[in-house]
Amino acid sequence: MTTARDPEDARRIVELLAESGQETSAELEETLYGLLALASKPAPVPSGELATLVQIDDITQHRWARRHRTGLIIFGVVGALSLGATGAAASSLQFRELAQDTVVNLVNNYTPFHIDRPKRPTNGEDPGSGTPSIRPPSPTSPGESGQSTSGDSSDGNSGSDQPSVRPGGGSSSDRRQPSDDGQRSSGDSTGGSPPQDQPVPAPSEGAD
Amino acid sequence: MQPLTDEAVSAAQQGDPAGIRTVYLSLAPSVLGYLTSKGVDDPEAVTQDVFLALFRQLPALRGGQQAVRTLTFAIAHARLVDHIRRSIRTPETREYDPSKDPRSSSSAENEVLDSFEHSDLALVLQQLGDDQREVLLLRIVADLSVEQVATIMGRSVGATKQLQRRALSTLRSLVTAGGGLNS
Chain A
16 MTTARDPEDA RRIVELLAES GQETSAELEE TLYGLLALAS KPAPVPSGEL
66 ATLVQIDDIT QHRWARRHRT GLIIFGVVGA LSLGATGAAA SSLQFRELAQ
116 DTVVNLVNNY TPFHIDRPKR PTNGEDPGSG TPSIRPPSPT SPGESGQSTS
166 GDSSDGNSGS DQPSVRPGGG SSSDRRQPSD DGQRSSGDST GGSPPQDQPV
216 PAPSEGAD
Chain B
15 MQPLTDEAVS AAQQGDPAGI RTVYLSLAPS VLGYLTSKGV DDPEAVTQDV
65 FLALFRQLPA LRGGQQAVRT LTFAIAHARL VDHIRRSIRT PETREYDPSK
115 DPRSSSSAEN EVLDSFEHSD LALVLQQLGD DQREVLLLRI VADLSVEQVA
165 TIMGRSVGAT KQLQRRALST LRSLVTAGGG LNS
């Protein structure tokens with residue numbers, strides 16, 4: 016199976032070989048690409064003092080480290096809320112409500128996004144019939160989660176920009192509220208707009 | 015991977031959380047890959063140590079993103095040497111960690127890191143000399159220039175180029191004779 020090569024990776028390998036006056040071979044190139052791939056793993060989730068320095072909690076860091084996957088997670092969350100739990104547990108209304116509450120709490124407490132709680136059926140109807148809505152981060156909530164994803168697509172924090180997400184593989188993307196448009200990757204790794212939170216203290220000496 | 019820019023470095027030096035995050039997210043994958051390829055037991059933990067040390071020194075650093083990159087891997091290199099020395103002197107004992115129990119479910123990251131250890135690439139790298147392996151990892155995984163690698167390894171630029179040439183020649187012999195990587 017051939018894999019599309021990043022042009023930048025190809026350039027680096029060509030440059031390295033030319034620099035060393037080495038003739039290339041398919042096997043050597045494959046090995047060098049393998050080395051390059053070592054540098055493409057997600058950044059470790061910061062913890063402890065490092066998490067304080069970079070001012071993100073574990074969950075948010077995990078999402079940021081996985082490029083462009085925040086949107087997939089959000090869609091997965093929406094899908095879970097809409098479709099309910101899978102398997103045998105799906106038949107349990109209580110289990111699905113618990114799963115939905117857990118997911119809503121996770122998203123609302125650990126991401127800049129907000130999910131409206133799905134309406135609870137009072138007569139045993141399928142709770143997944145309603146589409147949970149996701150609201151983008153409030154532009155005037157500096158303390159909200161203490162972080163912003165770069166997916167906060169509104170550099171001007173206008174609030175009118177919808178959370179930028181990329182639809183996942185499933186149909187959960189179809190369940191996004193109709194007003195969402197212009198979706199793009201929420202992990203847009205440009206550094207994004209600075210978070211509206213307190214400035215982090217400068218790294219202190221001897222903090223090890 | 016986020017590109018590291020002089021602007022982000024400058025922001026990080028001022029204590030801007032966005033700048034600090036950019037520095038971390040730009041370099042942490044490479045640091046993790048470097049430490050993983052060197053067989054460090056807990057590359058994620060050592061990666062975090064590297065960045066804690068980096069951020070302590072960052073405010074006084076001059077030279078923009080190039081200097082940050084060089085310092086980051088100089089710290090990683092030093093941490094690695096310390097780690098190896100400690101391992102030799104004091105065999106490590108650990109409490110049971112369910113996350114490292116192969117019988118428990120593994121995160122995708124652990125699977126990737128574990129898979130390297132047993133991969134053909136790792137086996138090939140082990141057959142290189144220590145310095146040859148180091149120069150290739152710093153040049154390729156860390157994406158450092160010859161000059162930066164020379165600084166970290168304490169060699170002249172000319173000696174580093176020569177080492178790199180020999181490393182690639184050896185590597186080519188190994189993988190060509192072995193029919194390439196199977197992983």
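Chains as they are written, first to last, in the numbering used here: chain A, 16 to 223; chain B, 15 to 197. From the three backbone atoms N, C-alpha and C, an ideal C-beta is built for every residue, glycine too.
Since I believe TYR38 (chain B) is in contact with PHE65 (chain B) (beta carbons under 8 Å), could you give me their beta-carbon distance rounded to a whole number of angstroms?
The residue given as residue 65 (chain B) occupies position 51 in the second sequence. The residue given as residue 38 (chain B) occupies position 24 in the second sequence. Right, their Cβ atoms sit about 6 Å apart.
Best match in B:LEU41, B:GLY168, B:GLN140 and B:LEU139 for proximity to GLN80 (chain B) [C-alpha to C-alpha]
Your numbering for residue 80 (chain B) matches position 66 in the second sequence. For the residues B:LEU41, B:GLY168, B:GLN140 and B:LEU139, the minimum Cα distance to GLN80 (chain B) belongs to B:LEU41.
Along chain B, in chain order, which residues have C-beta atoms closer than 9 Å to that of ILE32 (chain A)?
Numbered from its first residue, the first sequence carries residue 32 (chain A) at position 17. In the sequence on display, residue 32 (chain A) carries Leu and not Ile. LEU182, listed in chain order.
Counting only C-beta atoms, is VAL29 (chain A) closer than 8 Å to chain B at any point?
Here residue 29 (chain A) corresponds to residue number 14 of the first sequence, with the count starting at 1. In terms of beta-carbon proximity, VAL29 (chain A) stays away from the interface with chain B, with every pair separated by 8 Å or more.
Rounded to whole angstroms, what is the Cα-Cα separation between TYR48 (chain A) and PRO73 (chain B)?
If you number the first sequence from 1, residue 48 (chain A) lands on position 33. If you number the second sequence from 1, residue 73 (chain B) lands on position 59. Their backbone Cα atoms lie some 35 Å apart in a straight line.
DSSP on GLY202 (chain A), reduced to helix/strand/coil?
To locate residue 202 (chain A), count along the first sequence from 1; it is residue 187. Note that GLY202 (chain A) scores 41 on pLDDT, short of 50, meaning its location in the model is unreliable; the coordinates nonetheless yield the value given after this. Here GLY202 (chain A) sits in coil by DSSP.
Starting from the C-beta of LEU142 (chain B), find all residues in its chain whose C-beta is less than 8 Å away, skip the five residues before and the five after it, and write them out in chain order.
By one-based count along the second sequence, residue 142 (chain B) stands at place 128. Cβ within range, chain order: LEU150, ALA181, THR184, LEU185 and LEU188.
Please name the residue in A:ASP116, A:LEU65 and A:ILE28 whose C-alpha comes closest to that of ALA41 (chain A).
Along the first sequence, read from residue 1 onward, the residue named residue 41 (chain A) stands at position 26. Taking ALA41 (chain A) as reference, the option from A:ASP116, A:LEU65 and A:ILE28 with the minimal CA-CA separation is A:ILE28.
Using a Cβ-Cβ cut-off of 8 Å, state whether VAL189 (chain B) counts as contacting chain A.
For the purposes of this step, residue 189 (chain B) is identified with residue 175 of the second sequence, where counting begins at 1. At least one chain A Cβ lies under 8 Å of VAL189 (chain B).
In the DSSP assignment, the alpha helix (DSSP H) including VAL23 (chain B) goes from what residue to what residue?
In the second sequence, residue 23 (chain B) corresponds to position 9, counting from 1. Element bounds for VAL23 (chain B): 20–27.
State the DSSP-derived secondary structure class of PRO61 (chain A), mapped to helix, strand or coil.
Start at 1 with the first residue of the first sequence, and residue 61 (chain A) comes out as number 46. Reduced to three states, the DSSP call for PRO61 (chain A) is coil.
Would you verify that the beta carbon of VAL155 (chain B) is, or is not, closer than 8 Å to some beta carbon of chain A?
Here residue 155 (chain B) refers to the residue found at position 141 of the second sequence. True, the Cβ-Cβ gap to chain A drops below 8 Å.
What is the C-beta distance between ILE34 (chain B) and LEU68 (chain B), in whole angstroms, given that I count them as a contact (C-beta under 8 Å)?
Locating residue 34 (chain B) in the second sequence gives position 20, counting from the first residue. Locating residue 68 (chain B) in the second sequence gives position 54, counting from the first residue. Contact flag wrong, Cβ pair sits at about 10 Å.
Counted within 10 angstroms of its Cβ, other Cβ atoms place VAL180 (chain A) as buried (16 or more) or exposed
Locating residue 180 (chain A) in the first sequence gives position 165, counting from the first residue. At VAL180 (chain A) the pLDDT is 36, less than 50, meaning the model places this residue with poor confidence and gives no usable figure here.
I think LEU53 (chain A) touches THR36 (chain B), with their Cβ atoms under 8 Å apart; what is that distance to the nearest whole Å?
Residue numbering aside, residue 53 (chain A) sits at position 38 when the first sequence is read from its first letter. Residue numbering aside, residue 36 (chain B) sits at position 22 when the second sequence is read from its first letter. Their Cβ separation, rounded to whole angstroms, is 21 Å, which puts LEU53 (chain A) and THR36 (chain B) out of contact at 8 Å.
Could you say which of B:PRO17, B:ARG100, B:VAL138 and B:GLN28 lies nearest to ARG70 (chain B) if we only look at CA atoms?
Your numbering for residue 70 (chain B) matches position 56 in the second sequence. Closest by alpha carbon: B:GLN28.
Any beta carbon from chain A within less than 8 Å of THR61 (chain B)'s own beta carbon?
As a first step, residue 61 (chain B) must be located in the second sequence, where it is residue number 47. True, the Cβ-Cβ gap to chain A drops below 8 Å.
Looking only at its own chain, which residues have a Cβ that is under 7 Å from the Cβ of GLU148 (chain B), when we skip the five neighbours before and after it?
Translated into positions along the second sequence, residue 148 (chain B) becomes position 134. Answer for GLU148 (chain B): MET167, listed in chain order.
Could you say which of A:ILE130, A:GLN70 and A:GLU112 lies nearest to VAL119 (chain A) if we only look at CA atoms?
Taking the first residue of the first sequence as 1, we reach residue 119 (chain A) at position 104. Comparing Cα positions, the closest option is A:ILE130.
Of the choices B:THR19, B:PRO57 and B:VAL138, whose alpha-carbon is the least far from that of HIS91 (chain B)?
Reading the second sequence from its first residue, position 77 is the one you call residue 91 (chain B). It is B:PRO57 whose Cα lies nearest to the Cα of HIS91 (chain B).
Please state whether the Cβ-Cβ distance between VAL45 (chain B) and THR61 (chain B) is less than 8 Å.
Here residue 45 (chain B) refers to the residue found at position 31 of the second sequence. Here residue 61 (chain B) refers to the residue found at position 47 of the second sequence. For the pair VAL45 (chain B) and THR61 (chain B), the CB atoms are nearer than the 8 Å cut-off.
Would GLY47 (chain B) count as contacting chain A if we go by Cβ distances under 8 Å?
For the purposes of this step, residue 47 (chain B) is taken as residue 33 along the second sequence, with counting starting at 1. True, the Cβ-Cβ gap to chain A drops below 8 Å.
Kindly indicate if chain A contains any beta-carbon less than 8 Å away from that of SER24 (chain B).
On the second sequence, residue 24 (chain B) is found 10 positions in, with the first residue counted as 1. The beta carbon of SER24 (chain B) sits no closer than 8 Å to any beta carbon of chain A.
Once you ignore the five residues that flank VAL160 (chain B) on each side, which residues in its own chain have a CB closer than 8 Å to its CB?
On the second sequence, residue 160 (chain B) is found 146 positions in, with the first residue counted as 1. Only residues of its own chain outside the window of five on either side were considered, and among them ARG153, VAL171, THR174, LYS175 and GLN178 have a CB closer than 8 Å to the CB of VAL160 (chain B), listed in chain order.
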